[in-house]
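Chemist: Sharing a structure, written as structure tokens. Questions coming.
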Amino acid sequence: MMNLEDLEKQVIRMEDIQEIENLQRRYGYYFDTRNFQAVVDLFSDNADSADLESFGLFRGKEGIRRLYWNDIGRGVRPRDPSESWISTAVIQIGGVVNLDPCGVTARGRWQTWLAETFLYGGVPRQYWVHGYYENEYVKERGKWFFKKLFWNVTFFTMFETGWLTQPLVGLLPMANPDGPPTAFYPYPSGYKFPYHYNHPVTGE
Amino acid sequence: MNEGPHGDHPLERELPVTIAELEKQVILMEDIQEIENLQKIYGYYFEIGNYQGVVDLFSEDAESAEIESCGLFLGKAGVKKMYVDTIGSNKYESWVRFCIQMMGGVVDVDPGGKTAKGRWQTWLCEAMPVGGIPRQQWLHGYYENEFVKEQGRWLFKKLHWNVTFYTSFEAGWVRIPLLGLLTMKMADAPPTAFHPYPSGYHVPFHYKHPITGE
């Protein structure tokens, strides 16, 4: 039988997983509402990096602020009413979160389904987007933060055409990344985005 | 205190709760967490064509696996026959793609703590050849699965994915509910409940209504 200390450890572990699940979803909900300052505030001050789609790699908290606030959000607050037709719905699905034995770092895989609307090539368009996250988290002062965020896009297609006909509407390079994307291999490359976890039964 | 349907829940009883009771509750929550992960990991292996990885998630004493109109496969040998020997025997090019989105898990662990049942729904976007033509598809369906805990680990005991529709990206489920049958010659028996849209079929729930108990 467990003693009280073991029990407490197990309960904390489950609370941690729950909190990380919420962190990931809150990130998506802030992104949806274009509250990019709030997104930046979900990252640790000692965050490693953020790397999304074909945007490029952004390093450190300063790089993360540049990515979300300056580049994606274009420093607009409050949001420009003329842009209210621009929309993102990030659906966070299938979280597999694993805590490292130390209990203060963790990793999680997710997949996402997105319905988006924004300008591409000067034309307002509607898109279907699919991708996977492999993220790292860190617990500081009793709270979980993003340490590293990596979102790997599978396809970025138009509502009308679909992923087989048009896997990628186009590239979305940002002006000032710290490096090129680390693993940008969209459909139909056959790229298998590595898992952070081993097989739960065979251990492979 | 009234003994309702949840009357045996330690937190609804008078304090103090014993450590043994707390331990039971903690293990129950861990079990649910592990089963949720097992289901998602299954999907992630299927997507990348790691069918041996899928088979290894099933108990040696697994009952069956059944997907769509493929047919019923019995026992662990049947599970391997379906995933590795049939689905895995297709040497697909890299444009063939499955995105299986596992949503809305409802997991219930049986009172003994050794078996469990779970329901999910799935939204899929796929690209594969149908009738020799490359196509892109939307699929929707429900799982009602059974799980077993062996040597401290949760495994699939029975997997059943019931398809709602399997349509082309361009046409949609009202116009083409089903692009075609995916019958597998090696199946041990025909599908047990293949009633795609618009049959009106509802995949039965493994659970009772949490309030009324019906």
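In order, the protein sequence lines correspond to chains U and Z. One gets our numbering by counting positions in the first sequence from 1 and adding 155 to each. One gets our numbering by counting positions in the second sequence from 1 and adding 1173 to each. Every residue, glycine too, gets a C-beta built ideally from N, C-alpha and C. Note that this is a predicted model, so its numbers are computed, not measured.
1. How would you write the range of the alpha helix (DSSP H) that K1249/Z sits in, first residue to last?
2. Suppose you measure from the CA of A1344/Z to the CA of L1352/Z; what does that come to, to the nearest Å?
3. Do K1330/Z and V1321/Z count as a contact pair if the criterion is CB distance below 8 Å?
4. Could you pull the DSSP bridge partners for Y275/U from this structure?
5. List, in order along the chain, the chain U residues whose C-beta lies closer than 7 Å to that of G1261/Z?
6. Along chain U, which residues have their Cβ under 7 Å away from the Cβ of P1307/Z?
7. So with CB distances below 9 Å, who are the chain Z contacts of M169/U?
8. Measure the alpha-carbon distance for P1178/Z versus E174/U and round it to whole angstroms.
9. Looking at the unbroken beta strand (DSSP E) that takes in K1381/Z, where does it start and where does it end?
10. Going along chain A, which residues have a C-beta under 9 Å from W268/U?
11. Between the C-alpha atoms of V194/U and R168/U, what's the straight-line distance to the nearest angstrom?
12. Flag this pair as touching only if the segment 299 to 319 of chain U and the segment 328 to 341 of chain U have three or more C-beta atom pairs under 8 Å; answer yes or no.
13. Terminal residues of the continuous alpha helix (DSSP H) containing V194/U?
14. Where G215/U and D1229/Z are concerned, what is the direct C-alpha to C-alpha distance, given to the nearest angstrom?
15. I need the DSSP call for N225/U, collapsed to helix, strand or coil.
16. So what does DSSP say about E1176/Z, is it helix, strand or coil?
17. Return the residue from the list L212/U, V293/U, G183/U and L159/U that minimises the CA-CA distance to C257/U.
18. Is E295/U helix, strand or coil when you go by DSSP?
19. When you compare the CB of W1346/Z with every CB in chain U, is at least one pair closer than 8 Å?
20. For L197/U, which of D206/U, S209/U and R220/U has the nearest alpha-carbon?
21. Specify the secondary structure class of L1159/Z as computed by DSSP and reduced to three states.
22. Which value, in whole angstroms, describes the spacing of the CA atoms of E291/U and E176/U?
23. If I measure Cβ to Cβ from L222/U and keep anything under 6 Å in the same chain, skipping five residues before and after, which residues do I get?
24. How should W268/U be labelled, buried or exposed, when 16 other C-beta atoms within 10 angstroms of its C-beta is the threshold for buried?
25. Spatial neighbours of W1296/Z within its chain, please: C-beta separation below 7 Å, excluding the five flanking residues on both sides.
26. Within 8 Å of any Cβ in chain U, is that where the Cβ of W1268/Z sits?
27. Could you work out which residues of chain U lie near R1149/Z, taking near to mean beta carbons separated by less than 9 Å?
28. Between the C-alpha atoms of C1298/Z and F311/U, what's the straight-line distance to the nearest angstrom?
29. Given a threshold of 16 other Cβ atoms within 10 Å of its Cβ, counted over all protein chains shown, does S1237/Z qualify as buried or as exposed?
30. Comparing the C-beta of A1193/Z with each C-beta of chain U, is any distance below 8 Å?
31. What does the alpha-carbon distance come out to for the pair K302/U and G1251/Z?
32. Comparing alpha-carbon positions, which option in N331/U, I227/U, D171/U and S237/U lies nearest T260/U?
33. For Y1316/Z, which beta-bridge partners are listed by DSSP?
Modeler: On the basis of the supplied data:
1. In the second sequence, the residue the question calls residue 1249/Z occupies position 76. From DSSP, the alpha helix (DSSP H) with K1249/Z extends over G1248 to K1253.
2. The sequence position of residue 1344/Z within the second sequence is 171, counting from 1. The sequence position of residue 1352/Z within the second sequence is 179, counting from 1. One C-alpha to the other measures close to 10 Å.
3. Looking up residue 1321/Z in the second sequence gives position 148. Looking up residue 1330/Z in the second sequence gives position 157. Between V1321/Z and K1330/Z, the gap from beta carbon to beta carbon is short of 8 Å.
4. Residue numbering aside, residue 275/U sits at position 120 when the first sequence is read from its first letter. According to DSSP, Y275/U bridges with V278/U.
5. For the purposes of this step, residue 1261/Z is taken as residue 88 along the second sequence, with counting starting at 1. Annotation: G1261/Z has no Cβ neighbours in chain U at a cutoff of 7 Å; minimum Cβ distance is about 15 Å.
6. The residue you call residue 1307/Z lines up with position 134 of the second sequence. Chain U residues near P1307/Z: L319.
7. As a first step, residue 169/U is located in the first sequence; it is residue number 14 there, counting from the start. Ordered by position in chain Z, the residues that pass the 9 Å Cβ test against M169/U are V1199, M1202, E1203 and Q1206.
8. Along the second sequence, one-based indexing puts residue 1178/Z at 5. Along the first sequence, one-based indexing puts residue 174/U at 19. Because the pLDDT of P1178/Z is 47, which lies under 50, any placement of that residue in the model is unreliable, and the question is left without a value.
9. As a first step, residue 1381/Z is located in the second sequence; it is residue number 208 there, counting from the start. Note, K1381/Z: premise wrong, no beta strand (DSSP E); not H, not E.
10. This model lacks chain A altogether, as its protein chains are U and Z.
11. Sequence index remark: in the first sequence, residue 194/U carries index 39 (1-based). Sequence index remark: in the first sequence, residue 168/U carries index 13 (1-based). Straight-line Cα distance between these residues: approximately 25 Å.
12. Enough Cβ pairs lie closer than 8 Å, so yes.
13. On the first sequence, residue 194/U is found 39 positions in, with the first residue counted as 1. V194/U: member of the alpha helix (DSSP H) spanning F191 to V195, first to last residue.
14. Counted from its first residue, the first sequence places residue 215/U at position 60. Counted from its first residue, the second sequence places residue 1229/Z at position 56. Cα to Cα, G215/U sits roughly 40 Å from D1229/Z.
15. Residue numbering aside, residue 225/U sits at position 70 when the first sequence is read from its first letter. If DSSP states are grouped into helix, strand and coil, N225/U belongs with the helices.
16. By one-based count along the second sequence, residue 1176/Z stands at place 3. Legend: pLDDT at E1176/Z = 42, less than 50; position of this residue unreliable, value from coordinates given subsequently. Here E1176/Z sits in coil by DSSP.
17. As a first step, residue 257/U is located in the first sequence; it is residue number 102 there, counting from the start. Residue V293/U is the option with its Cα nearest to C257/U.
18. For the purposes of this step, residue 295/U is taken as residue 140 along the first sequence, with counting starting at 1. Residue state, collapsed to three classes: strand.
19. As a working mapping, residue 1346/Z is identified with position 173 in the second sequence. Chain U, which has no Cβ nearer than 8 Å to the Cβ of W1346/Z, makes this no.
20. Start at 1 with the first residue of the first sequence, and residue 197/U comes out as number 42. If you compare the alpha carbons of D206/U, S209/U and R220/U with that of L197/U, the shortest gap goes to R220/U.
21. Lying outside 1174 to 1387, the shown extent of chain Z, residue 1159/Z is not represented and no answer is given.
22. Counted from its first residue, the first sequence places residue 291/U at position 136. Counted from its first residue, the first sequence places residue 176/U at position 21. Cα to Cα, E291/U sits roughly 12 Å from E176/U.
23. As a working note, residue 222/U is residue 67 in the first sequence. If we look at L222/U and ignore the five residues flanking it on each side, its Cβ neighbours are A205 and F213.
24. What you label residue 268/U is simply residue 113 of the first sequence in a count that begins at 1. Counting Cβ neighbours within 10 Å, W268/U comes out buried, since at least 16 surround it.
25. By 1-based counting over the second sequence, the position of residue 1296/Z is 123. For W1296/Z, where only same-chain residues beyond five positions count, the Cβ hits under 7 Å are Q1274, M1276 and H1313.
26. Residue mapping note: residue 1268/Z aligns to position 95 of the second sequence, counting from 1. Yes, contact with chain U.
27. Any question about residue 1149/Z goes unanswered here, given that chain Z covers just 1174 to 1387.
28. Here the question's residue 1298/Z lines up with position 125 in the second sequence. Here the question's residue 311/U lines up with position 156 in the first sequence. So the two alpha carbons sit approximately 13 Å from each other.
29. In the second sequence, counting from the first residue as 1, residue 1237/Z sits at position 64. In summary, S1237/Z is buried, with 16 or more beta-carbon neighbours lying within 10 Å of its beta-carbon over all protein chains present.
30. The residue labelled residue 1193/Z in the question sits at position 20 within the second sequence. It does: the Cβ of A1193/Z has a partner Cβ on chain U nearer than 8 Å.
31. In the first sequence, residue 302/U corresponds to position 147, counting from 1. In the second sequence, residue 1251/Z corresponds to position 78, counting from 1. Rounded to whole angstroms, K302/U to G1251/Z spans 43 Å at the Cα level.
32. On the first sequence, position 105 is the one that residue 260/U refers to. The shortest C-alpha to C-alpha distance from T260/U to any of N331/U, I227/U, D171/U and S237/U is the one to D171/U.
33. As a working mapping, residue 1316/Z is identified with position 143 in the second sequence. DSSP lists W1293/Z and W1334/Z as the beta-bridge partner residues of Y1316/Z.
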